[in-house]
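Heads up, the thing below is written out as structure tokens.
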Amino acid sequence: MKYDSFFARSFSKHEQKKLGFGAFVSCFIIAATFCILFKPEFRHFKVVNVKVTLRGGPQILAIKEEVSNKPKKTYVEIKEEKTICNVTHPRADICEMNGDIRIHGNSSTIYFVSTDKLSAEMNNSWSIRPYARKGDNRAMDSVTNLTVKKVYSNISQEIPNCSRNYTVPAIVFSTKGYAGNHFHDFTDVLIPLFQTSRYFNNEVQFLITNMRSWWINKYKPVLQRLSKYEIIDIDKEKEVLCFPSMIIGLKANKEFSINTSESPYSMSDFTKFLKNTYSLKRKSAVKLKKNADQGRKVKPRLLIISRSKTRRFTNVDEIATMARNIGFDVVVEETGENLAKVAKKVNSFDVLMGVHGAGLTNMVFLPEKAVVIQIVGLGMEWVSKVDFGIPALDMNLKYLDYKISVNESSLIQQYPVEHHVLKDPPGNLISPKGWVKYRKIYLDQQDVKIDVNRFRGTLWKAFELLQS
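Here it is in structure tokens:
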């Protein structure tokens, strides 16, 4: 009672309320400070922001919650290293590495030295055949199997010492498989090599396994434009070669062409590159209307590719005569092996015609807007379209196909009219197991005798395409 009496005499009611409220806030702050000091983990959850309003009117204690710093991590953060090998692409396996890379040719082993012990232990070995026809066992069986190992830098006994150090990137690939076949030279090696190496602007070292000198000599102008360094036969290399970066395998994503959704380059880029490599003069096919308007009479040139073994024209002279009557300047011949001569010869024509086969590969040397006529044998619709039809359009060429009838195929002489070979040729899907049988019948046993009256319309169409 004395305390209450003293308090009442010394302070007004309003002042008493203020003092009581202040005491409450002081106690609250002291308690909060005590908790923070002796319970450190509280600091990582929420901070109470206390705001006291002492102006006239109702007295308000405003409490505002704010999120403090992020909670302290209670785990070790692992730096994830990018996977260096992609073995999921349907066409080719490929490894890309940057850092300390060492290749020991004799052992067919490539070491990627990593400073990340955990990463090296988790995913440290791949087997790669550096040839772009994955899934074709017949082709891949002859290609050297390379072992790519990611090793931890502190395990010195596993890592061979460098004998020679290079300052440029390296690309490792094979010239085995189907290399040597003109079509496969391009679709399996040269086009993928262009995609893989062009970025380096010839500052790249080629390391070749299964190297064949005659193949290198045939394509030397192309190889020298892609790399200014002497090619290394890695199978014969006894020393350990070290590089700052390396690509093992070649980037391939489309038959005899380039899928622009997966590459910064196009098939048109590749053909322009070839024309520059072989100094080909003609950039575009003849424009008949333009010449006629200027009073010049020009005959478009037609090259008919003859074949000596399979898928031959059995009446090529008759075809050539009919083409001349339409107005073409016609040449019939096989293209030959000297690529520089072949390139210049093909570049001088406006129309290239042939049955599905390696000779049509030379369309890469045609001037833009030239016409490709593919004679599609019985049962060859799908393979003809994929191998040459679609690529021709990708090369900025004009494309026509002529699908022969049963009576124009030599298979009519080998099988009864009702036989499934004639009546039910294969469609789009040919299994790997079925390919050998398919090839034997439709590619190796079939010749063509063109019905010139039926074919005349196709040649006229080609003539019209050259008008402008």
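With full-length UniProt numbering, letter number 273 in the sequence shown gets 273, and the count goes up by one each step, no holes.
Backbone N, C-alpha and C fix where the C-beta goes; we use that ideal spot for every residue, glycine too.
Should residue i and residue j be called a contact, given that it needs their Cβ atoms to be closer than 8 Å?
| i | j | result |
| --- | --- | --- |
| Leu250 | Pro192 | yes |
| Lys150 | Asn124 | yes |
| Phe349 | Leu303 | yes |
| Val148 | Asn210 | no |
| Ala139 | Ala252 | no |
| Gln467 | Lys289 | yes |
| Pro130 | Leu146 | yes |
| Ala323 | Val330 | yes |
| Leu465 | Val371 | yes |
| Asp235 | Gly105 | yes |
| Cys95 | Ile103 | no |
| Ile305 | Leu360 | yes |
| Ile101 | Phe243 | yes |
Counting only the same chain and skipping the five closest in sequence on each side, list residues whose C-beta sits under 6 Å from that of residue i.
| i | result |
| --- | --- |
| Glu158 | Val151 |
| Asn98 | Ser245 |
| Ser257 | Met267, Pro391, Asp394 |
| Thr314 | Asp447, Lys449 |
| Asp189 | Checking the displayed sequence, the identity of residue 189 turns out to be Val instead of Asp. So the list reads Ala179, once near-sequence residues are dropped. |
| Gly57 | Caution is warranted here: a pLDDT of 40 is assigned to Gly57, below 50, making its placement in the model unreliable, and the coordinate value is therefore given only provisionally. Here the set comprises nothing. |
| Phe194 | Phe270 |
| Ser308 | none |
Note down the Cα distance separating residue i from residue j, rounded to an integer number of angstroms.
| i | j | result |
| --- | --- | --- |
| His356 | Met246 | 37 Å |
| Asn362 | Ala343 | 7 Å |
| Phe186 | Ala358 | 10 Å |
| Tyr178 | Asp141 | 11 Å |
| Ser174 | Ile232 | 12 Å |
| Gly457 | Ile450 | 13 Å |
| Glu121 | Ile373 | 55 Å |
| Phe112 | Trp126 | 11 Å |
| Phe365 | Gln414 | 37 Å |
| Asp387 | Gly427 | 15 Å |
| Leu397 | Ser153 | 52 Å |
| Tyr278 | Asn338 | 12 Å |
| Trp435 | Pro221 | 34 Å |
| Leu223 | Thr335 | 21 Å |
| Glu418 | Ser410 | 15 Å |
| Thr88 | Gly354 | 36 Å |
| Arg212 | Asn202 | 21 Å |
| Pro71 | Asp116 | Note that Pro71 scores a pLDDT of 41, beneath 50, so its modelled location is shaky; the value from the coordinates is reported in the next line. Using only the alpha carbons, I get a separation of about 27 Å. |
| Arg296 | Asn276 | 29 Å |
| Asn217 | Ser107 | 27 Å |
Report buried or exposed for residue i, applying the criterion of at least 16 other Cβ atoms within 10 angstroms of its Cβ.
| i | result |
| --- | --- |
| Glu408 | buried |
| Ser261 | exposed |
| Leu207 | buried |
| Ala92 | buried |
| Gln294 | exposed |
| Ala292 | exposed |
| His184 | buried |
| Ser114 | buried |
| Phe455 | buried |
| Pro416 | exposed |
| Pro90 | exposed |
| Lys176 | buried |
| Lys440 | exposed |
Return the chain-ordered list of same chain residues with a C-beta closer than 8 Å to the C-beta of residue i, the five sequence neighbours on each side being excluded.
| i | result |
| --- | --- |
| Pro432 | Gly135, Asp136, Asn137 |
| Lys403 | Val376, Glu381 |
| Val204 | Val168, Pro169, Ala170, Ile171, Ser197, Leu226, Ser227, Tyr229 |
| Tyr199 | Pro264 |
| Tyr166 | Gln205, Leu241, Cys242, Phe243, Pro244 |
| Phe328 | Lys299, Pro300, Arg301, Leu302, Val351, Leu459, Phe463 |
Please list, in chain order, all residues of the same chain as residue i whose beta carbon is under 7 Å from its beta carbon, the five residues on each side excluded.
| i | result |
| --- | --- |
| Lys283 | Pro367, Glu368 |
| Val406 | Leu378, Ile412, Leu422 |
| Ser384 | His356, Gln374, Val376, Asp401 |
| Val452 | Glu318, Ile319, Met322 |
| Val286 | Val298, Pro300, Asp350, Leu466 |
| Glu80 | Here the model assigns Glu80 a pLDDT of 42, short of 50, so the residue's position is not dependable, and the following value carries that caveat. There are no such residues. |
| Tyr399 | Val372, Gly389, Ala392, Leu393 |
| Tyr438 | Pro426, Ile430 |
Write down the C-beta distance between residue i and residue j rounded to the nearest angstrom, noting that I regard them as a contact closer than 8 Å.
| i | j | result |
| --- | --- | --- |
| Trp460 | Ile326 | 6 Å |
| Glu255 | Ser163 | Contact doesn't hold; Cβ gap of about 40 Å is too wide. |
| Val346 | Val332 | Contact flag wrong, Cβ pair sits at about 14 Å. |
| Leu443 | Arg311 | 7 Å |
| Ile155 | Ile248 | The Cβ separation is near 22 Å, so there is no contact. |
If we cut at 8 Å on Cβ distances, does residue i have a partner in chain B?
| i | result |
| --- | --- |
| Thr187 | In the structure shown, chain B does not exist; there is a single protein chain. |
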